[in-house]
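Q: Shown below is the structure under consideration.
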Amino acid sequence: MIFSPKVKYEERTYRNLISKDNLQSYKVVIAQSDLFISSDVNLAATAERALINHRSLLENYIKINPHFLTSLAPLPLDNLAPPIVRDMLEKSALAGVGPMASVAGAVAEFVGKDISDYAQTLIIENGGDIFLKAKDNLTVSVFAGESPLSYKVNFLVEPEKTPLGICTSSGTVGPSISLGKADAVCVISKSTTLADAAASAIGNNVKSKNDIKKALHFGMQIKGILGIIIIIGKEMGVIGDVRLV
């Protein structure tokens, strides 16, 4: 259990809401990595090989550098580390959080990049963090736990803007560490690794609805962030390149 020794399993019922139109949906699961993939071609075997490779690189690095697993603050860059580790170190430093805050997004992105040439549309979801490549317009709904706005906030993703990372952090849903109280902090970036790290950093700054505005502006100061949605209770805020529908 390298990645998280005390993970609490949570039924991911939101996966049932992903549109199946013209797409095949399937799971690829190895230990804590639970990928839900939708694509126009079934890439389960290819995705599994990619996941095994990147997990192995991460696990071997953590065995030699255990602080990578536990640090809640950015760590120095390591030019000798595997690509996925270097990316996590770089993107978490931009967001001001520990590298493991970006692990779900990094895994989704690196698996996605390995297999994206084989599909025109590819959606890889890993614990609420998404790597997305699309050939047509897609509508994304934000899951926000018990908030009355859950699934009611939707935004458009245009194919020419993909591949794209869409990651969500929550202080009220799931096992991830968050110092905030937001029901959802959804971040959009060309880098899924960065979107994941930034969602954690921004979420840590949302203790109440009064923090939404300053958290939005804080997040947009992180280089590479395209847009942010924050939901807490009945309140929400949006900033950046987000086209609500």
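Going by the numbering used here, the sequence shown opens with residue 905, and the numbers climb by one from there.
We treat Cβ as the ideally placed atom computed from N, Cα and C, and that holds for glycine.
The structure displayed is predicted, hence computed values, not measured ones.
For Ala999, I'd like the list of residues in its chain whose CB is within less than 6 Å of its CB, leaving aside the five on either flank, ordered along the chain.
A: Mapped onto the sequence shown, residue 999 falls at position 95. Ala1101, Ala1102, Ala1105 and Ile1126.
Q: Identify whether Leu961 lies in helix, strand or coil by the three-state DSSP scheme.
A: In the sequence shown, counting from the first residue as 1, residue 961 sits at position 57. If DSSP states are grouped into helix, strand and coil, Leu961 belongs with the helices.
Q: Which of the three DSSP states, helix, strand or coil, is assigned to Lys1037?
A: In the sequence shown, counting from the first residue as 1, residue 1037 sits at position 133. Here Lys1037 sits in strand by DSSP.
Q: Are three or more beta carbon pairs between the stretch 1008-1023 and the stretch 958-965 nearer than 8 Å?
A: Contact holds: three or more Cβ-Cβ distances are below 8 Å.
Q: So does the stretch 968-977 actually touch the stretch 1049-1064, counting three or more Cβ pairs closer than 8 Å?
A: Touching, no.
Q: One question on the structure: do Ser1051 and Ile1136 come within less than 9 Å of each other, judged by their Cβ atoms?
A: Within the sequence shown, residue 1051 is the residue found at index 147, counting from 1. Within the sequence shown, residue 1136 is the residue found at index 232, counting from 1. Closer than 9 Å, so yes.
Q: Pairs of beta-carbons, one from the stretch 973-983 and one from the stretch 1032-1049, closer than 8 Å: are there three or more?
A: No, the stretch 973-983 does not touch the stretch 1032-1049.
Q: Just to check, is the beta-carbon of Lys995 closer than 8 Å to a non-hydrogen atom of the ligand GTP?
A: Inclusion of the ligand GTP in the displayed structure is not the case, the ligand content being empty and no account of it being possible.
Q: Pick out whichever of Phe940, Ser1093 and Gly1084 has its Cα sitting closest to the Cα of Gly1069.
A: Working through the sequence shown from its first residue, we reach residue 1069 at position 165. It is Ser1093 whose Cα lies nearest to the Cα of Gly1069.
Q: Can you find the residues in the same chain that come closer than 7 Å, C-beta to C-beta, to Ala1086, ignoring five residues on each side of it along the sequence?
A: Locating residue 1086 in the sequence shown gives position 182, where the first residue counts as 1. Cβ neighbours of Ala1086 beyond the five flanking positions: Ser1074, Gly1075, Gly1107, Val1110, Ile1134, Ile1135 and Ile1136.
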